[in-house]
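Okay, so here's the structure we're looking at.
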Amino acid sequence: MKHFFNRKDTIVTEALDGFLATAGSGALARLDGYPEIKVVLRADWDKSKVAIVSGGGAGHEPSHAGFVGAGMLTAAVSGEIFASPSVEAVLAAIRATTGPAGCLLIVKNYTGDRLNFGLAAEKARAEGLAVEMVIVADDIALPDIAQPRGVAGTLFVHKIAGHLSEAGRDLASVAAAARAAAKDIFSLGISLSSCSIPGQAHEERFGAEDGELGLGIHGEPGVERIALQSASSLVAIMAERLAARLDAGSRYALLVNNLGSVPPLEMSLIANAVLSSSLTKAVALTIGPGHLMTALNMNGFSLSLIKLDAEREAALLAPVGPPAWLPAKPVRQPVVVAMAKPAAGPATKPASRDAAAERLIKAACQRLIALEEPLNALDAKAGDGDTGSTVATGARSILERIDALPLADRAATAAAIGDTLGTSMGGSSGVLLSIFFTATAQTLGFGATLPKALLAGLDRMTFYGGARIGDRTMVDALEPALKALDARGLEAAASAARHGAEATVAMQRAKAGRSAYIGTQLDVADPGAFAVAEVFAAVAALFAPA
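Those letters in the sequence shown? Residues 889 to 1434, per the working numbering, in order.
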């Protein structure tokens, strides 16, 4: 997989330098032992309170350096990507931050972290420093192992310990609260891909139709492969396993963590699924969704829960300095505001029948629905590949409402079609066609013939949309077709639409529409023009003499 980096051996230090350079406030600093000693610490720390130190391998950003600041970590110690920091680096962080109040190390339950942080703690104690260590083992993916992994739930401990330190609590009470919190945290992750490390060859171990439940934050295998299915189904599987660990009647905080490359749109959808799952009754606070403890570019997410009491809730709700921390918020149902009622306008015409109009509308809509995949394929070469789906959605909406249309009244029918397309299609296509049919309806209302009214609709559509003949849009087929319809009839219109659509093949670059935003030359018909030609052909065939 492709990555942005300069040299493999300087990725972490360059990233930390970039992080510090853009932190802005001057509240952060790094120790001068670069590159061997990679420690980010509070520049304003006066050692009068308990130092809270954590860290681990890089690749989990914003963890851990992103959480250094008032109310959270005093220092973060970084190793190379997915590699524990050295004993010397951890010891340097302890020495730099620890005063008479002592230091608490928060360590994720991985062998390298336990050993390196543990030996550093022992050496620091030998130097006369008061150091305690809490180990977080929150991952429930592998229930039978003696040493569960420490994953994103560790951040709850950072927040609680940091809050208590800021409040002036002593080392013994901060450590006791952190250990108690760690025992009440449960996490589970899922991913549709493993992560790739910059500068290393990557081989994806997942298939196209599966993911993995319970994989670790370094890409280590999870408990089982799981078939690709709806987000709600995947969340339900995770929720069932997490719910089994919760105490009935207790309140919990939920952390929804992006493991790297899940788009924000999908993360919000996932959050909605979690809060609609079996966990929802237990969840009182939410943190996220967002990037908190990632695994490079892993396409997955994790859920972490901690049992709340008054002290923990206060700690999680307290504001902190690091902007990377996402504030905890109470769960709230969406507020729904009533839409304003439109000003009184012309009364909606009742449904009426007209066999010829109904045949025409059905023929056009059915043809557009049948073209969904071919139009998407055309658009994929010139745009974002959704033209077929967009127009098919509009066509289906019209067919669903056809029994309610005032078909005997052409102006009212055109207006109703314009309203339907403006609501159902979305995007620029829906708006343009809504303008087209709305203006057509207004002109029909003044007594114009249908061809003249359609040309008036085209005039309004091109005025607002900006496209003209030669710009490689649906106008290249629609304008000649409507002019031919007015002058020579339906068969001539179908022929003109076909020639107009074919002409767009030779137009190497679009000058309007979404495909105008791409720089590549095009060698296929514009999908909008192609759709117009197909509709005119279908309607002409319908009304052709027997």
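C-beta: ideal position from N, C-alpha, C; glycine also.
- With contacts defined as CB atoms closer than 7 Å, Asp1072 and Ile969 fail to qualify as a contacting pair.
- Ala1417 has its alpha-carbon roughly 20 Å from the corresponding atom of Ile1305.
- The three-state reading of DSSP puts Tyr1352 in helix, counting H, G and I together.
- Cα atoms of Pro1339 and Val1224: separation of roughly 44 Å, rounded to the nearest angstrom.
- Of all C-beta pairs linking the stretch 1420-1434 to the stretch 1351-1371, three or more are shorter than 8 Å, placing the two stretches in contact.
- Counted as a single uninterrupted DSSP element, the beta strand (DSSP E) harbouring Met1021 occupies residues 1019-1024.
- The beta-carbon distance between Ala1369 and Gly1388, rounded to whole angstroms, is 7 Å. This is short enough to meet the 8 Å contact definition.
- For Glu1100, DSSP records a beta bridge to Ser1079, Arg1113.
- In this structure, Ala1049 sits away from Val1039, with a CB-CB distance that is not shorter than 7 Å.
- Looking at the DSSP output, Lys996 bridges to Val1024.
- Restricting attention to beta strand (DSSP E) runs no shorter than 3 residues, the stretch 897-953 encloses them at 916-918, 927-930, 939-946, ordered along the chain.
- Under DSSP, the beta-bridge partners assigned to Asn1146 are His1179, Phe1189.
- Taking a cut-off of 8 Å for Cβ pairs, the stretch 1117-1128 and the stretch 1082-1092 do not touch, as fewer than three such pairs fall below it.
- Setting aside the 5 residues that flank it on each side, Ile1114 is surrounded in the same chain by Ile1078, Asp1098, Gly1099, Glu1100, Leu1101, Leu1122, Ile1125, each with a C-beta closer than 8 Å to its C-beta; the list follows chain order.
- In the displayed model, Glu968 falls within a strand according to three-state DSSP.
- For the pair Leu992 and Ile940, the CB atoms are nearer than the 7 Å cut-off.
- By the criterion of a C-beta distance shorter than 6 Å, Leu1080 is surrounded in its chain by Gly1099, Asn1187, once the five residues flanking it on both sides are discounted.
- A distance of 7 Å or more separates the beta carbons of Leu1130 and Ala1183.
- Contact check for Ser1317 against Thr1278 passes: the beta carbons are separated by less than 7 Å.
- Contact fails between the stretch 919-926 and the stretch 1021-1031, because fewer than three Cβ pairs, one in each stretch, are under 8 Å apart.
- For Ser1084, the closest C-alpha among the options Phe1189, Gly1107, Ser942, Ala981 is that of Gly1107.
- For Val1208, the secondary structure class from DSSP, reduced to helix, strand or coil, is coil.
- The beta-carbon distance between Lys1047 and Met1181, rounded to whole angstroms, is 12 Å. This is too long to meet the 8 Å contact definition.
- Per DSSP, reduced to three states, the secondary structure at Ala1055 is coil, with no helix or strand assignment.
- Listed in chain order, the alpha helix (DSSP H) elements of length 4 or more contained wholly in the stretch 1195-1278 are 1198-1205, 1243-1258, 1260-1270.
- Per DSSP, the continuous alpha helix (DSSP H) segment holding Leu1157 begins and ends at 1152-1162.
- In the three-state reduction of the DSSP assignment, Val1171 falls in the strand class.
- Where Asp1135 is concerned, there is no enclosing alpha helix (DSSP H), because DSSP gives it neither an H nor an E.
- Assigned with DSSP and collapsed to three states, Ala963 falls in strand.
- For Val956, the secondary structure class from DSSP, reduced to helix, strand or coil, is strand.
- At the C-beta level, Thr1392 and Asp1414 come within 7 Å of one another.
- Taking a contact to require three or more Cβ pairs closer than 8 Å, the stretch 1215-1229 and the stretch 962-979 do not qualify as touching.
- Taking a C-beta distance under 7 Å as the contact criterion, Ala1303 and Ala1329 qualify as a contact pair.
- Judged by DSSP secondary structure, Leu1430 falls within the alpha helix (DSSP H) whose first and last residues are 1415-1431.
- Around the beta-carbon of Thr1301, 16 or more other beta-carbon atoms lie within 10 Å, marking it buried.
- By the neighbour-count criterion, in which a residue is buried when 16 or more other Cβ atoms sit within 10 angstroms of its Cβ, Ala1008 is buried.
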